[in-house]
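Trainee:
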Amino acid sequence: MAHSYEKFNQALRLLNARLELTGAPSFNLVICGGTALAATGLVPRTTTDVDIVALLDDEGELLDPAPLPQALVREANEVALDLGLPKDWLNNGPSSGDGGLFRMGLPEGFVERLTCETIGKKLTVGFISRYDQIHFKLYAAVDQPGSYHAADLLELRPTDQELLAAAGWTRSHDPSDGYLQGLQWFLKEFGYEHLIAGV
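See the structure below:
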């Protein structure tokens, strides 16, 4: 079931309160996907969860979010019960497993482009930028033809230069001929055939 960003904002604030109550460590979450699109006003839409692509330490260095810290998971599960959300409303899906985005490498300058918000004493979130959304959404749209990722990408109105940069990044993650064919098909299908020679 999809919810508005306001619902997940409420969930994050309750999560912070629970972390404070239990004396848990502080966490800095880096969030991508639909929640980040809605929170930053890039694409107004509902979403089903909060996708964590990375964690940040107090010095601003990116950390692998797989697995998520137990204290965070424990309190997120309690928030799910309190608000009637799915148990995995807060998850590291984009960076889970060996093929996850974090372990494969995030776009250069990623941290500097984050939009950060302090939820409370125990929780801050960094929403990824439009530029990085274009990278992630292109990768997902080619990998999952017919999904909502293509619609999100088109809503972001990428320039030719942004799409070429994103295409290069995705190709560094998946250099296979199959992926290249899917990328070329996507560019042709959505009116970017003139960029095919550049990928």
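If you count the sequence shown from 1, position 112 lands on 111 in numbering that gives the first Met the number 0, and the numbers rise without skipping.
C-beta: ideal position from N, C-alpha, C; glycine also.
1. Could you tell me if C115 is buried or exposed, where buried requires 16 or more neighbouring beta carbons within 10 angstroms of its beta carbon?
2. Would the beta-carbon of F26 fall within 9 Å of that of L113?
3. Are there 16 or more other CB atoms within 10 angstroms of the CB of R73, so buried, or fewer, so exposed?
4. Nearest CA to the CA of T34: which residue from W88, E77, E161?
5. According to the neighbour-count rule (16 or more other Cβ atoms, all chains shown, within 10 Å of its Cβ), is T175 buried or exposed?
6. Just curious, the alpha helix (DSSP H) that L214 is in, first and last residue?
7. I'd like the list of long-range same chain contacts for R129, defined as Cβ closer than 8 Å, with 5 residues on each side in sequence excluded.
8. Would you kindly report the start and end of the unbroken alpha helix (DSSP H) that includes G98?
9. Identify whether D56 lies in helix, strand or coil by the three-state DSSP scheme.
Mentor: Put simply:
1. It is exposed - the Cβ of C115 has fewer than 16 other Cβ atoms within 10 Å.
2. Going by beta carbons, F26 and L113 fall outside the 9 Å limit.
3. By the 10 Å Cβ count, R73 comes out exposed.
4. Nearest of W88, E77, E161 to T34, Cα basis: W88.
5. One point to set straight first is that residue 175 is Ser, not Thr, in the sequence displayed. The residue in question, S175, is exposed, as its Cβ has fewer than 16 Cβ neighbours within 10 Å.
6. Given a span of 0 to 198 for the chain in the structure shown, any question on residue 214 remains unanswerable.
7. Around R129, the same chain offers T39, L41, L155 as residues with beta carbons nearer than 8 Å, after the five sequence neighbours per side are excluded.
8. Segment: none, G98 is in no alpha helix (DSSP H) and carries neither H nor E.
9. Here D56 carries a coil assignment [DSSP, helix/strand/coil].
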